[in-house]
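Residue numbers (my numbering): 247 to 344.
No residue lacks a Cβ here, since even glycine has one placed at the ideal position from N, Cα and C.
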Amino acid sequence: MNKTEAAFATLLEFCRGANEIIAWEFEPIKLRLAKKTFYTPDFLVVESERFIFYEVKGFWRDDARVKIKVAAETYPYFKFIAVQLKRKEWVYEEIKHG
247 MNKTEAAFAT LLEFCRGANE IIAWEFEPIK LRLAKKTFYT PDFLVVESER FIFYEVKGFW
307 RDDARVKIKV AAETYPYFKF IAVQLKRKEW VYEEIKHG
């Protein structure tokens with residue numbers, strides 16, 4: 247876990263303590279995108295009625311953005327959110343499928 251991911255984990259732990267989320271895990275699953283291509287989301291967050299995958303970056307490279315978009319297309323029943331820490335503030339972008 248890098249420094250940005252650790253900071254996000256601290257935020258998630260605060261949310262869990264405040265009962266805003268049920269649970270969270272770091273890199274709990276590997277999703278198959280193609281025959282030899284996999285994507286491992288940084289965080290799985292469990293809310294009362296859904297599972298959300300968060301990808302946390304200090305900055306976004308094209309290959310990371312492509313993988314999360316393909317994952318959202320391949321697994322439309324999950325919610326995918328890209329997160330970036332900009333000027334000490336979390337910026338969220340939901341990655342839509344379709």
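Tell me which residue opens and which closes the alpha helix (DSSP H) that K313 is part of. Counted from its first residue, the sequence shown places residue 313 at position 67. From DSSP, the alpha helix (DSSP H) with K313 extends over 308-320.
Applying the criterion that 16 or more other CB atoms from any shown protein chain within 10 Å of the CB defines a buried residue, is F289 buried or exposed? Counted from its first residue, the sequence shown places residue 289 at position 43. F289 is buried by the Cβ-count criterion.
Return the chain-ordered ranges of every beta strand (DSSP E) run that is complete within the region 254-342 and spans a minimum of 3 residues. Within the region 254-342, the complete beta strand (DSSP E) segments at least 3 residues long are 269-272, 277-280, 283-285, 289-292, 297-303, 325-332, 335-341, listed from N- to C-terminus.
Mind checking Y323: buried by the 16 CB within 10 Å criterion, or exposed? Against the sequence shown, residue 323 aligns to sequence position 77. Result: exposed.
Cβ-based neighbour list, T286, same chain, cut-off 8 Å, excluding 5 preceding and 5 following: Residue numbering aside, residue 286 sits at position 40 when the sequence shown is read from its first letter. Around T286: E273, I275, K276, L277.
Below 8 Å between beta carbons: does that hold for W270 and V302? Numbered from 1 along the sequence shown, position 24 holds the residue referred to as residue 270. Numbered from 1 along the sequence shown, position 56 holds the residue referred to as residue 302. Cβ atoms of W270 and V302: not closer than 8 Å.
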